[in-house]
Amino acid sequence: TLLKSSNFQPTTDVVMLIWDSGEIPSEHPCPDIAIRPMNFDDLTKVEILDQSSFGSLWHNSRTSLEFAFNQAAIATIAEIDGSIVGYQISTAMQMGGHL
12 TLLKSSNFQP TTDVVMLIWD SGEIPSEHPC PDIAIRPMNF DDLTKVEILD
62 QSSFGSLWHN SRTSLEFAFN QAAIATIAEI DGSIVGYQIS TAMQMGGHL
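Numbers given in my numbering equal positions in the sequence shown, counted from 1, plus 11.
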């Protein structure tokens, strides 16, 4: 391709998924993880987790996290023994959503 012939190298893949299954499973696959709603006070720890989990290109700033949280249809935290180990912030649109 033109980009490869110009010495561009891929560094990241963006993955899009679709789920057509209908019902959400009732059983949690990992009983050690507690899922709960995210609240505004979680954002400091979420930012720290985000910075340690992703390369600098993909870091979300505190401002970006606040913006996403304020627009979210749903935002949840995953915890093990009270420590945040994961999060998701999702928006909803008429034709789909963004995680």
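Quick reminder that beta carbons are idealized off the backbone N, C-alpha and C, glycines included.
Item: Does the distance from the C-beta atom of threonine 102 to that of methionine 49 stay below 9 Å?; Value: no
Item: Pick from Met27, Ala89, Phe78: whose alpha carbon is nearest that of leucine 40?; Value: One detail in the question is off: residue 40 reads as proline in this sequence, not leucine. With distances taken between Cα atoms, proline 40 lies closest to Ala89.
Item: Can the beta-carbon of valine 96 be found closer than 9 Å to that of isoleucine 44?; Value: yes
Item: Classify glycine 96 as helix, strand or coil using the three-state DSSP reduction.; Value: In the sequence as presented, glycine is not what sits at residue 96; that position holds valine. Correct three-state label for valine 96: strand.
Item: According to DSSP, is glutamate 58 part of a helix, a strand, or is it coil?; Value: helix
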